[in-house]
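Enquirer:
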Amino acid sequence: MIKHWQGFIIKVTLILSVVIILTPTTSLAKSISKQQAGAIQQRLQQANANALVLVGKGKQPTIISNQAIVNGHQASAINPQRLFPIASFQKTITGIAIQQLINRHQLSLDTKLNRYLPEVANSEQITIRQLMMHTSGLADVNRIASEPLTSEKANWQFTMHNYQVRSQPGPWHYANVNYGLLAMVVAKASHQSYQRYVQKHIFNYYNLPNLKFFTQVSASGVVPSLTAAQHHRLDPSEKNNWRYLQREMSAEYGAGQVLATPQGYWQLMQKTLLNHHGIGHQYQHIHFQLTDNPYYGGIYIHQNAIHANGSYAGYACTLFADYKTKKILILFSNNITLKQCRQLGHDLDQIYFGSNHQAFPY
1 MIKHWQGFII KVTLILSVVI ILTPTTSLAK SISKQQAGAI QQRLQQANAN ALVLVGKGKQ
61 PTIISNQAIV NGHQASAINP QRLFPIASFQ KTITGIAIQQ LINRHQLSLD TKLNRYLPEV
121 ANSEQITIRQ LMMHTSGLAD VNRIASEPLT SEKANWQFTM HNYQVRSQPG PWHYANVNYG
181 LLAMVVAKAS HQSYQRYVQK HIFNYYNLPN LKFFTQVSAS GVVPSLTAAQ HHRLDPSEKN
241 NWRYLQREMS AEYGAGQVLA TPQGYWQLMQ KTLLNHHGIG HQYQHIHFQL TDNPYYGGIY
301 IHQNAIHANG SYAGYACTLF ADYKTKKILI LFSNNITLKQ CRQLGHDLDQ IYFGSNHQAF
361 PY
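In this text, residue positions in the sequence shown follow UniProt numbering: the first is 1, and each later residue adds one.
1. I need the boundaries of the alpha helix (DSSP H) containing Gln41, first residue and last residue.
2. List, from N- to C-terminal side, the alpha helix (DSSP H) runs of 4 residues or more that fit wholly inside the region 86–145.
3. Keeping to the same chain, check which residues put their C-beta closer than 7 Å to that of Thr102; ignore five residues upstream and five downstream.
4. Among the candidates Pro85, Arg104, Tyr179 and Lys239, whose CA atom is the shortest distance from the CA of Gln130?
5. For Pro80, which residues in the same chain have their Cβ closer than 7 Å to its Cβ, ignoring the five residues on either side in sequence?
6. Report the rounded CA-to-CA distance for Ser27 versus Arg247, giving the unit in angstroms.
7. For Asn178, report the span of its alpha helix (DSSP H) as first-last.
8. Tell me which same chain residues have a C-beta within less than 8 Å of the C-beta of Ser146, skipping the five on either side of it?
9. How would you call Pro294, buried or exposed, if buried means at least 16 neighbouring beta carbons within 10 angstroms?
10. Give a yes or no on whether the C-beta atoms belonging to Asn50 and Ala68 are separated by under 7 Å.
11. Tell me which same chain residues have a C-beta within less than 8 Å of the C-beta of Arg43, skipping the five on either side of it?
12. Would you give the residue range spanned by the alpha helix (DSSP H) that Asp347 belongs to?
13. Can the beta-carbon of Asn155 be found less than 7 Å from the beta-carbon of Tyr253?
14. Going by the beta-carbon positions, is the gap between Tyr315 and Pro85 smaller than 7 Å?
15. Given a cut-off of 7 Å on the beta-carbon distance, is the pair Lys212 and Leu149 in contact?
16. Given this structure, state the Cα-to-Cα distance separating Gln340 from Leu113, to the nearest angstrom.
17. Compute the beta-carbon to beta-carbon distance between Ile144 and Ala75, rounded to the nearest angstrom, for a pair I have assumed lies under 8 Å.
18. Could you pull out every residue in the same chain whose Cβ sits closer than 7 Å to the Cβ of Gly354, ignoring the five residues on either side in sequence?
19. Can you round the beta-carbon distance between His134 and Tyr197 to whole angstroms, since I take them to be within the 8 Å contact cut?
20. DSSP three-state call for Gly56: helix, strand or coil?
21. Please work out which residues of its chain come closer than 6 Å, Cβ to Cβ, to Leu319, disregarding the five sequence neighbours upstream and downstream, and give them in chain order.
22. Verify whether the separation of the beta carbon atoms of Ile98 and Thr272 is less than 7 Å.
23. Whose C-alpha, out of Gln199, Lys188, Ser31 and Lys327, is nearest the C-alpha of Gln270?
24. Do you know how far the Cα of Gln45 is from the Cα of Ile10?
25. Among the candidates Val186, Val185 and Gly278, whose CA atom is the shortest distance from the CA of Tyr206?
26. Excluding the 5 residues preceding and the 5 following Phe158 in the sequence, name in chain order all residues of the same chain whose CB lies nearer than 8 Å to its CB.
27. Are Ala292 and Asn304 touching if we call contact CB-CB under 7 Å?
28. Under a three-way DSSP split, which group does Asn79 fall into?
29. Is Tyr312 closer than 7 Å to Gly297 when the C-beta atoms are compared?
30. Restricting to Cα atoms, I'd like to know which of Val70, Ala77 and Ser33 is closest to Phe332.
31. If we count Cβ pairs, one from each stretch, closer than 8 Å, do we get three or more for the region 219–230 versus the region 120–130?
32. Kindly indicate which three-state DSSP category Tyr265 falls into: helix, strand or coil?
33. The beta strand (DSSP E) spanning residue 433 covers which residue range?
34. Could you tell me which whole alpha helix (DSSP H) segments of length 4 or greater appear in the region 206–255?
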């Protein structure tokens, strides 16, 4: 929690109210200008997004919070210390786990999937690299499980039956199953469960207590969605928002079963992908074909710029960062769609990083 506020600005309009919190740290003051903070504030107002933006560099971000009007009432602000379903942001965690195992020479990018999971179709042709890049030729089937899956065995069984062969390995196709299979590889190669590996070698190793698997938390500890009940399109008969979210997360083993406080995920990025000597430095040297979407390890990569998205019913998040400057912007919202989040994120990216920053079409 930020103890000292440099500025506390409340701007009330007929639509919504906005709160900007700026820390007094000198490095942060240099990493975002008052003009940029004001422009971000204005764009959040225009979008009526109930959102939290973490922006800047270093250990403590500048936090910009916006309270939207939902159903005629002012919504509660997103608490930066409360757990948020980060959805596909978890792919960065699975990517880090795989990269750690590569660095320990326990596997390589050219390792074939059939070394660990020979029962997977085309596993003798699919490499770890192709799973990391979404070029395995596999596709998802169902995007929601029939019930919450709370055991490793149940997750494996669901994942092994929730894919289809779309093509031979090579063409790019975004699919959660790629990261579900990578999670299984982590377990096989490390001789422990995926969750135990991540807990020990990522959450504990980097001192990240504010990242949790959904089986470790209750609904009361999670940022509530303001619109989830309107978006139960995968199963309109499900009336319980928390159970619906658990079922969505259950369909994304290794790809969307983690919750994090906004500041917790900020710390993960700072300690891993944006660390000068961290795994992110290795990601910069990944070679992409001209026909590839430049995706690896849970993020899109364009030279020094990186980007990722995540969403569930009633939740959306997006991030933009720069390897060279170590600056990062992360947006969390609990009342806009992924499409709206992408557009809003693009606008905030241009405000903070500038019009010359690499534009991401995804």
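In this text, a Cβ means the ideal position worked out from N, Cα and C, and glycines have one as well.
If you're wondering where the values come from, they're calculated on a predicted model, not measured in any experiment.
Expert: Looking at the coordinates:
1. Lys34 to Ala47
2. Unbroken alpha helix (DSSP H) runs of no fewer than 4 residues, entirely contained in the region 86–145, are found at 90–103 and 128–133, following chain order.
3. In the sequence as presented, Thr is not what sits at residue 102; that position holds Ile. These residues qualify, in order along the chain: Ser108 and Leu109.
4. Tyr179
5. Leu52, Ile63, Thr261, Pro262 and Gln263
6. Legend: pLDDT at Ser27 = 41, less than 50; position of this residue unreliable, no value from coordinates given.
7. Asn176 to Ser190
8. Arg247
9. buried
10. Yes. Within cutoff.
11. Excluding sequence neighbours, Arg43 sits near Leu344, Asp347, Leu348 and Ile351.
12. Leu338 to Phe353
13. yes
14. yes
15. no
16. The straight-line gap from Cα to Cα measures roughly 36 Å.
17. Wrong, their Cβ atoms sit about 26 Å apart, outside the cutoff.
18. The answer is none, since no qualifying residue turns up.
19. Not a contact, Cβ separation roughly 22 Å.
20. DSSP, read as helix, strand or coil, puts Gly56 in strand.
21. Ala308 and Ile330
22. no
23. Lys327
24. Residue confidence for Ile10 is low, a pLDDT of 36 falling below 50, so the modelled location carries little weight; the figure read from the coordinates is stated next. One Cα belongs to Ile10, the other to Gln45, and the distance between them is close to 12 Å.
25. Gly278
26. Ala145, Leu149, Ser250, Ala251 and Tyr253
27. It should be pointed out that residue 292 corresponds to Asp in this sequence rather than to Ala. No, Cβ-Cβ distance for Asp292 and Asn304 is not below 7 Å.
28. Coil at Asn79, not helix or strand.
29. no
30. Ala77
31. no
32. helix
33. Outside the shown range of the chain, which is 1 to 362, sits residue 433, and nothing can be said about it.
34. 241–250
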